[in-house]
Amino acid sequence: MELNCKHVWAQISDYIDDSVTPELREDIERHLEHCEICSAILDSTRNILVLTADDRTFELPGGFSKRLHERLERELAAN
Amino acid sequence: MQASAEARAASEREAGLIAQILAGRKELFHELIQPYERMVYMTEFSIVRNDTDAEDCAQDAVVNAYRHLGKFRGEAKFSTWLATIAVNEGRQHLRRLKRAKEDSLDEPIEGEEQEFTPAPLTDWREIPLEALERKELREALRSAVAELPGIYRQIFTLRDLDELNVAEAAAALGINENMVKVRLHRARMMLQKRLAPYLKNTAPARKSFWRRMPWS
Chain X
1 MELNCKHVWA
11 QISDYIDDSV
21 TPELREDIER
31 HLEHCEICSA
41 ILDSTRNILV
51 LTADDRTFEL
61 PGGFSKRLHE
71 RLERELAAN
Chain W
1001 MQASAEARAA
1011 SEREAGLIAQ
1021 ILAGRKELFH
1031 ELIQPYERMV
1041 YMTEFSIVRN
1051 DTDAEDCAQD
1061 AVVNAYRHLG
1071 KFRGEAKFST
1081 WLATIAVNEG
1091 RQHLRRLKRA
1101 KEDSLDEPIE
1111 GEEQEFTPAP
1121 LTDWREIPLE
1131 ALERKELREA
1141 LRSAVAELPG
1151 IYRQIFTLRD
1161 LDELNVAEAA
1171 AALGINENMV
1181 KVRLHRARMM
1191 LQKRLAPYLK
1201 NTAPARKSFW
1211 RRMPWS
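Here is the structure:
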């Protein structure tokens, strides 16, 4: 099936998560081959996810783990 | 599949730990919880939205998980069970705040959003891998996530930061899987739109390019 850009935009998230049917995946990929706009949207969305998974982006507060295990220590001693 | 074999081994190891803790070796709970500390904290932060409360809620959630470990039956994955406890802890905290401050809403988030102050624009010709190394891009992403409406911020955190799968995120939030997908799509597209100026790697074909986005 020939997809237009709007169809592709609506599927970008499922496409990234690999939860589209093989047929739809093929249609999307055929569209991406010639559409710079959709390719750029896909790439930038993927980049956001790569960046989100990078531990430096969302960091735990300093000493978080130590304080958590100290609290647990007290809980384990009491219960 | 190596990945799923590893996952199976990890979950068997976890089941073993849980059995030992319940049999009295309670100090092993430290080891059980260690891989999930980050997930619990990030989940709380997505709900309560500040470091101090997120840390308090994370500690409470972990202590609750310890106290109720006997109720964990292993039908769900331990991570899903723990994420559910974390979500409930954060939501309870918001409800306590609501009672303490009668004019605040269940979701105090929308309408109270701070003005978005974009970090300095990076050159759009920059290649993505270099761009991803930039500190200000990470800051821009943190701001953009912080300013998502609550339901979108929470689903984005569970799926893309905590890396729960669709079924696990649905269980933790008490919504159906389709809702997870719809909200996640929306969240990602809102972030894409907000961060597009930092992430573009090709020149727009036309000036109206970014105005044509369906979520504009």
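Each protein sequence line maps, in turn, to chains X and W. Numbering of the first sequence is given in the numbering used here, commencing with residue 1 and proceeding in unit increments. Numbering of the second sequence is given in the numbering used here, commencing with residue 1001 and proceeding in unit increments. The C-beta atom is built at its ideal place from N, Cα and C for all residues, glycine as well.
Straight-line gap, residue i to residue j (C-alpha atoms, nearest Å)
i: S44/X; j: L1028/W; result: 42 Å
i: E1014/W; j: E1136/W; result: 38 Å
i: A80/X; j: V1063/W; result: Residue 80/X lies beyond the range of chain X shown here (1 to 79); nothing can be said about it.
i: R56/X; j: I16/X; result: 22 Å
i: E1037/W; j: A78/X; result: 22 Å
i: L1148/W; j: M1189/W; result: 11 Å
i: C5/X; j: C38/X; result: 7 Å
i: E1113/W; j: S1143/W; result: For E1113/W, the predicted model reports a pLDDT of 37, less than 50, meaning its position is unreliable; a value from the coordinates is still stated below. Near 11 Å, if we compare the C-alpha coordinates of S1143/W and E1113/W.
i: L1094/W; j: F64/X; result: 21 Å
i: A1196/W; j: A1170/W; result: 28 Å
i: Q1023/W; j: K1098/W; result: According to the sequence displayed, residue 1023/W carries Ala and not Gln. A1023/W and K1098/W: Cα-Cα distance of roughly 40 Å.
i: F1116/W; j: R1096/W; result: Unreliable positioning characterises F1116/W in this predicted model, as indicated by a pLDDT of 33, which lies under 50. The coordinate reading is nonetheless provided below. For F1116/W and R1096/W, the distance between alpha carbons rounds to 28 Å.
i: H1185/W; j: T1043/W; result: 19 Å
i: N1088/W; j: A1058/W; result: 11 Å
i: A1003/W; j: A1083/W; result: 22 Å
i: I1175/W; j: A1076/W; result: 16 Å
i: W1124/W; j: G1150/W; result: Here the model assigns W1124/W a pLDDT of 38, short of 50, so the residue's position is not dependable and the matter cannot be decided.
i: E2/X; j: T21/X; result: 15 Å
i: E18/X; j: R74/X; result: For the record, residue 18/X in the displayed sequence is Asp; it is not Glu. Their backbone Cα atoms lie some 44 Å apart in a straight line.
i: L1121/W; j: E70/X; result: Because L1121/W sits at a pLDDT of 31, beneath the cut-off of 50, its placement in the model cannot be relied upon, and the following sentence gives the value as read from the coordinates. About 43 Å.
i: I1033/W; j: S1011/W; result: 13 Å
i: A1198/W; j: E36/X; result: It is Tyr, not Ala, that sits at residue 1198/W in the sequence shown. If you take the alpha carbons of Y1198/W and E36/X, they lie about 17 Å apart.
i: V1180/W; j: L24/X; result: 20 Å
i: H7/X; j: V50/X; result: 24 Å
i: V1166/W; j: H34/X; result: 31 Å
i: R1073/W; j: K66/X; result: 29 Å
i: R46/X; j: E1177/W; result: 22 Å
i: E1107/W; j: E1168/W; result: With a pLDDT of 47 at E1107/W, under the threshold of 50, the predicted position of this residue should be treated as unreliable, though the coordinate-derived value follows. Straight-line Cα distance between these residues: approximately 22 Å.
Expected contact under 8 Å - CB spacing of residue i and residue j to nearest Å
i: F1078/W; j: I1018/W; result: 7 Å
i: V1048/W; j: G1090/W; result: 5 Å
i: I1155/W; j: R1183/W; result: 4 Å
i: T52/X; j: L1158/W; result: T52/X to L1158/W, Cβ: 12 Å. No contact.
i: A1100/W; j: Y1152/W; result: 26 Å between Cβ atoms; not a contact.
i: T1080/W; j: A1172/W; result: 6 Å
i: A1061/W; j: V1040/W; result: 6 Å
i: A1054/W; j: I1085/W; result: The pair is not a contact, with the Cβ atoms about 15 Å apart (cut-off 8 Å).
i: K1026/W; j: L76/X; result: 5 Å
i: I48/X; j: L1069/W; result: Between L1069/W and I48/X the Cβ distance is about 36 Å, and since that is not below 8 Å, they are no contact.
Proximity test, residue i beta-carbon vs the ligand FAD heavy atom, cut-off 7 Å
i: D1160/W; result: For the structure depicted, the ligand FAD is absent and the ligand set is empty, with no information on it obtainable.
Near-chain W residues of the stretch 17-33 of chain X - C-beta to any C-beta below 9 Å: D17 and S19
Meets three-Cβ-pair contact criterion under 8 Å: the stretch 6-13 of chain X and the stretch 1155-1175 of chain W: no
Residues of the stretch 1154-1174 of chain W whose Cβ lies closer than 7 Å to any Cβ of chain X, in chain order: D1160 and L1161
Minimum length 4: unbroken alpha helix (DSSP H) runs contained in the stretch 1036-1083 of chain W: 1037-1048 and 1051-1067
The stretch 53-63 of chain X contacting the stretch 11-31 of chain X, beta-carbon criterion three pairs below 8 Å: no
Under 9 Å (Cβ pairs) to chain X, residues found in the stretch 1027-1047 of chain W: E1027, F1029, H1030, I1033, Q1034, E1037, R1038, V1040, Y1041, M1042 and F1045
Those runs of the alpha helix (DSSP H) which lie wholly inside the stretch 45-71 of chain X and span at least 4 residues: none
Residues in the stretch 1171-1195 of chain W having any Cβ partner in chain X nearer than 8 Å: K1181, L1184, H1185, R1188, M1189, L1191, Q1192 and L1195
Near-chain X residues of the stretch 1065-1090 of chain W (beta-carbon distance less than 8 Å), N- to C-terminal order: Y1066 and R1067
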